[in-house]
Amino acid sequence: MRPHDVFLSFTWSDTAEVNALESALRAAGLRVFRDRGIDRFDGVTEKLVSALAESKVLLAYYSRRFPTRYACQWELTSAFLAAQRFGDPRRRVLVVNPEPDGNHIAPVELADAAYFGRPRTERDLTRIAERVAEMSREADTPLGAVPSTAPLLPRLLRPRRFVGRYRELWAVHSALHARDLPATTPRTSAALAVVRGPAGLGKTSLAEQYAFLFRDAFPGGVRWLDLAGADDPAGALARFHAHIRMIAADLGADVGDRSPEEVRDLVARHLEAARKPQLWVIDDVPPDLPAAVLDELVMPTSYVRTVLTTRSGHPAWPAPVVDLGGLTEDEGTELYTEIAGSADPVELAAVRRLVGRCGGHPMVLTSVCTALRDRRSATGIAGALDAVTGTAADVLREVAIARTPVPRRVRRAEPVGELVRHALLTHFGVDGQLLVRDTTANRLIKAVRAIIGHGHPSRYP
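Under this note's numbering, the residues of the sequence shown are numbered 27 to 487, in order.
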């Protein structure tokens, strides 16, 4: 079977514009792959994986909604990583940007490239098709698939809901590979990225999504080091070195009675000898650790790229930081569409207003959208969304909108307890009162209190 000249990547909301683009590509004699069964809820299928591997060029119709859809993220990321094996990925990946600016485009290499704007005339469409044809002629082989040999961590296989954050994902990737990028990109001595943000904004989820989406860039696999529960420098280092000792055992190294520093160096030497890049995620790093302690968390080997998640870093530690804020309006509407299964324009407009009121906080949006999913009332979903104000107590006070029945004792609880237990009931199907002594529940309570102000009605950050 002959390879496709071009893989056309787009989101369902841009179908009409993509129809014209596909016609121009075919009129130029190009063999085009386009997923005609595309649906806003579709994931990545074997058909898509094979078609991308058999294509020479990827053409992305990169609207603002494009990076909110996981399948689009996967297509572009996979094509970009595969194209890097042949040199400059911009010789294999081309962008059409229908928006007035390029602020939504990632990675930076594509944002800096001379992308095409929205095609408004037949001549615009012809120019795009001519450029794709030129790129296809220059490509001797299809993109192929990046070999993925390392097993996935069990935590990365768990079902999870994640939308958008594509610029942040690429910011992490660029920081981890800064020393490999062209001279125009600021370089750092360590392959390191710090994901920073207040509690509940999804730092761990972002790290998990990065580890999953970019796993093919790390043939040595992914390791997860959780420092949760460590509240001071000594505790953080103790937990870190305990993880290192377990990794040494996993590598078959004889650590004996070696000191923590000796075990760390031994593991580094093993990784150097294996010569396979690994991703290490050090999650839930205590805030404001001294720079000297943070230095200890970075393995002394060029074969480990490290992501740290924390609520706040140390200003004297010169590490690249990816600050995490709330979801954008487009990401919020995509989250609602995924949860509620609706793309009603009136409802989506109400979601956009809610995003503005709550600062795009993922916990607020997820809780509200989940609670409203099966509810229909005289005022409609849009009216219910508009009734949600920006105070903590208001978000879940109306237990009637809950998808899961809430016990009477929970309804009598203080606002913080109600919010925590409602979240546990809705998302995990368990009663938070039965888990108050459990570490996970206690961490969730602390996180919610950090977000909403210790039980008093307050504005979301």
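Even glycine gets a Cβ: it sits at the ideal position worked out from N, Cα and C.
Who are the near neighbours of A50 in its chain, counting only those whose CB is closer than 7 Å to its CB and skipping five residues on each side?
L151, T152, I154 and A155
Who are the Cβ neighbours of L277 in its own chain at under 6 Å, not counting the five residues just before and after it?
H296
For I555, the nearest candidate out of F59, M325, D258 and D370 (CA to CA):
With the chain covering 27 to 487 only, the question about residue 555 has no answer from this structure.
What span of residues does the beta strand (DSSP E) with V122 cover, start to end?
V119 to N123
Short Cβ contact (8 Å threshold) for L350 with L227
yes
Return the CA-CA distance between R290 and L320, expressed in angstroms with no decimal places.
14 Å
Secondary structure at F240, three-state DSSP: helix, strand or coil?
coil
Considering only DSSP beta bridges, list what T335 is partnered with.
V221
Short check: CB of V221 to CB of A233, under 8 Å?
yes
Using only the alpha-carbon positions, how far apart do E80 and R184 sit?
29 Å
In chain order, what residues of the same chain lie with their CB nearer than 6 Å to the CB of D31, ignoring the 5 residues before and after it?
L56, R57, K82 and S162
For P30, the first and last residue of its enclosing beta strand (DSSP E):
First, the amino acid is wrong: residue 30 is His here, not Pro. Segment H30 to S35, the beta strand (DSSP E) holding H30.
Paired residues, beta bridge with I308 - DSSP
L251 and L334
If contact is defined by three or more beta carbon pairs under 8 Å, each pair taking one atom from either stretch, is the segment 124 to 134 in contact with the segment 164 to 171?
no
A197, buried or exposed, once every other Cβ within 10 Å from all chains shown has been counted against 16
buried
Which residue wins for smallest C-alpha separation from V348, given the options N45, G223 and D61?
G223
Residues sharing a beta bridge with L491, DSSP
The displayed coordinates of the chain run from 27 to 487. Any statement about residue 491 would go beyond what the structure contains.
Could you check which residue in E357, L202, E160 and D242 has the C-alpha nearest to that of R331?
L202
Between the segment 33 to 50 and the segment 83 to 98, do three or more beta carbon pairs fall short of 8 Å?
yes
Give the DSSP-derived three-state secondary structure of G143 in the structure shown.
strand
Looking at the secondary structure, which residues open and close the alpha helix (DSSP H) in which V381 lies?
P371 to C384
Which class does T430 belong to by DSSP, given the choice of helix, strand or coil?
Bear in mind that the predicted position of T430 carries a pLDDT of just 36, short of 50, making it too unreliable to give a figure here.
Look at the alpha carbon of E364 and the alpha carbon of A294, and state the distance between them as a whole number of angstroms.
42 Å
Between A132, P286 and S76, which has its C-alpha nearest R191's C-alpha?
A132
From the DSSP output, read off the bridge partner residues of V348.
V221
Where does the unbroken alpha helix (DSSP H) through I407 begin, and where does it stop?
G406 to A413
What would DSSP say about V189, mapped onto helix, strand or coil?
coil
Going by beta carbon distance, what residues of the same chain come within less than 7 Å of V377, once the five residues before and after it are set aside?
G358, T359, Y362 and L411
Using the C-alpha atoms, what's the distance from D283 back to P25?
Given that the chain is displayed from residue 27 to residue 487, the structure contains no residue 25 and the question cannot be resolved.
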